[in-house]
Amino acid sequence: MAEIEQKGAIVTFFSTASSVGKTLVSTNLAAELARNGYRVCLLDLDLQFGDVCNYLQLMPESTMADAQQAFAVEGSDAHVEEYLTPYEHDGVVFYVMANPSLLEEAYNIKADAVKRVVQQLQTMFNYVVIDTTSMFSVLNLSMLDISTVVVFLGIVDFIPTIKNMKSGIDTLKKLNYDRNKLRIVLNRSNAKTRIPMDEVKGILGEDFYHILPNDFKAANASIKSGVPLVLSHGSDGLGLALRELVYRSTNQHYEEEYPDHSEEKSGGGLFHRLFGKE
26 MAEIEQKGAI VTFFSTASSV GKTLVSTNLA AELARNGYRV CLLDLDLQFG DVCNYLQLMP
86 ESTMADAQQA FAVEGSDAHV EEYLTPYEHD GVVFYVMANP SLLEEAYNIK ADAVKRVVQQ
146 LQTMFNYVVI DTTSMFSVLN LSMLDISTVV VFLGIVDFIP TIKNMKSGID TLKKLNYDRN
206 KLRIVLNRSN AKTRIPMDEV KGILGEDFYH ILPNDFKAAN ASIKSGVPLV LSHGSDGLGL
266 ALRELVYRST NQHYEEEYPD HSEEKSGGGL FHRLFGKE
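Listed below in structure tokens is the structure:
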């Protein structure tokens, strides 16, 4: 009997508000999974104004536009790995599918083509991490549909922002996803705001799966250096909270020392427990 091909998990970061930290959190999630020996690919699907390569100080030679063109010309014979950009720091390696470099290219990216790219990446990587724009576009809905987990990221600076979060959460619920698929994460939790957390939870009708502290200084330093917080040996409170987001979901405890990367993990037992019910 032929062995059934194991497909990688798709973790998509989504929000109904801009500037909530999706790129910072998604790059750190990709880095932390890679730090533990998993094969990871991070896609920047903020096609017009994506910042993944800026955050990681990468200069990609190929982008999603090139990958789409390859599929248009070569069909199923296209090799998506040829259009990825590697990121490496201290022996930790993961790959990035960059957003198009030209605005006109971004306009011409089709949801079906991106879906084909993602599905091929699933056969090559344990985890495909997707950073999206803050809207219910055709592309984003396509990605949400095929995702293993949707991380809905929000902040609670103003009441209108919270109401937008509720609208987004309610919309996701109406899509009839498995309840365990949606994870609501609060970012910048200790930022200066006069809105009590109990009131926020009351408006949302939901509790937060995980809460990340506000640390603009650490986040800014990480972006300037091009090194995700989870890869900093002197990882601070925000870095630790980002690690805990990954490890809480995988029912593990984070490791203080960097693990041995001599053998990549295949996505077996821990893979199946990723984002499992508690």
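Per the working numbering, residue 26 is the first one in the sequence shown, and the count goes up by one each step. By construction, the Cβ of each residue, glycine as well, lies at the ideal position given by its N, Cα and C atoms.
Nearest residue (CA-CA) to residue i, options the options
{"i": "Pro111", "options": "Leu197, Val121, Arg60", "result": "Val121"}
{"i": "Pro221", "options": "Ile194, Lys188, Ala103, Val181", "result": "Val181"}
{"i": "Asn205", "options": "Thr158, Gly230, Tyr234, Ala97", "result": "Tyr234"}
{"i": "Asp137", "options": "Glu231, Ser250, Ala92, Gly251", "result": "Ala92"}
{"i": "Thr48", "options": "Leu146, Asp261, Glu269, Leu254", "result": "Leu254"}
{"i": "Phe241", "options": "Lys140, Phe74, Lys32, Gly46", "result": "Gly46"}
{"i": "Leu237", "options": "Glu224, Asp223, Val210, Ser247", "result": "Val210"}
{"i": "Val153", "options": "Glu269, Ile248, Asp69, Leu256", "result": "Asp69"}
{"i": "Gly116", "options": "Ser40, Glu130, Ser44, Ala56", "result": "Ala56"}
{"i": "Ile194", "options": "Pro185, Lys140, Gln144, Phe177", "result": "Phe177"}
{"i": "Phe96", "options": "Ile35, Gly75, Lys135", "result": "Lys135"}
Cβ neighbour criterion (16 or more within 10 Å) applied to residue i
{"i": "Gly264", "result": "buried"}
{"i": "Val163", "result": "exposed"}
{"i": "His104", "result": "exposed"}
{"i": "Tyr132", "result": "exposed"}
{"i": "Gly100", "result": "exposed"}
{"i": "Pro85", "result": "buried"}
{"i": "Met160", "result": "exposed"}
{"i": "Asn53", "result": "buried"}
{"i": "Val65", "result": "buried"}
{"i": "Leu267", "result": "buried"}
{"i": "Tyr279", "result": "Its pLDDT being 47, under 50, Tyr279 is placed unreliably in this model, and the coordinates cannot settle the point."}
{"i": "Asn79", "result": "exposed"}
{"i": "Ser250", "result": "exposed"}
Coil, strand or helix - residue i by DSSP
{"i": "Asp170", "result": "helix"}
{"i": "Asp261", "result": "coil"}
{"i": "Phe96", "result": "helix"}
{"i": "Leu68", "result": "strand"}
{"i": "Tyr108", "result": "helix"}
{"i": "Met122", "result": "strand"}
{"i": "Asp355", "result": "Missing from the structure shown is residue 355; the chain here goes from 26 to 303 and no further."}
{"i": "Thr37", "result": "strand"}
{"i": "Val163", "result": "helix"}
{"i": "Val181", "result": "coil"}
{"i": "Glu113", "result": "strand"}
{"i": "Tyr279", "result": "Low confidence applies here, because Tyr279 scores a pLDDT of 47, under 50, leaving its location unreliable; read the following figure in that light. Correct three-state label for Tyr279: coil."}
{"i": "Val77", "result": "helix"}
{"i": "Leu197", "result": "helix"}
{"i": "Phe296", "result": "Note that Phe296 has pLDDT 39, beneath the 50 cutoff, so the model's placement of it is unreliable and the number below is only indicative. Helix, per DSSP."}
{"i": "Arg213", "result": "coil"}
{"i": "Leu270", "result": "helix"}
{"i": "Leu83", "result": "coil"}
{"i": "Val175", "result": "strand"}
{"i": "Leu127", "result": "coil"}
Inter-residue CB distance, residue i and residue j (contact presumed, cutoff 8 Å)
{"i": "Tyr108", "j": "Ser87", "result": "4 Å"}
{"i": "Leu146", "j": "Met190", "result": "Rounded, the Cβ-Cβ distance is 29 Å, inconsistent with contact."}
{"i": "Leu58", "j": "Val271", "result": "7 Å"}
{"i": "Met306", "j": "Asn124", "result": "In the structure as shown, the chain starts at 26 and stops at 303, and residue 306 therefore has no counterpart that could be examined."}
{"i": "Asp71", "j": "Thr158", "result": "5 Å"}
Please specify which runs of the alpha helix (DSSP H), each continuous and at least 4 residues long, are wholly inside the region 232-259, giving them in chain order. 241-250
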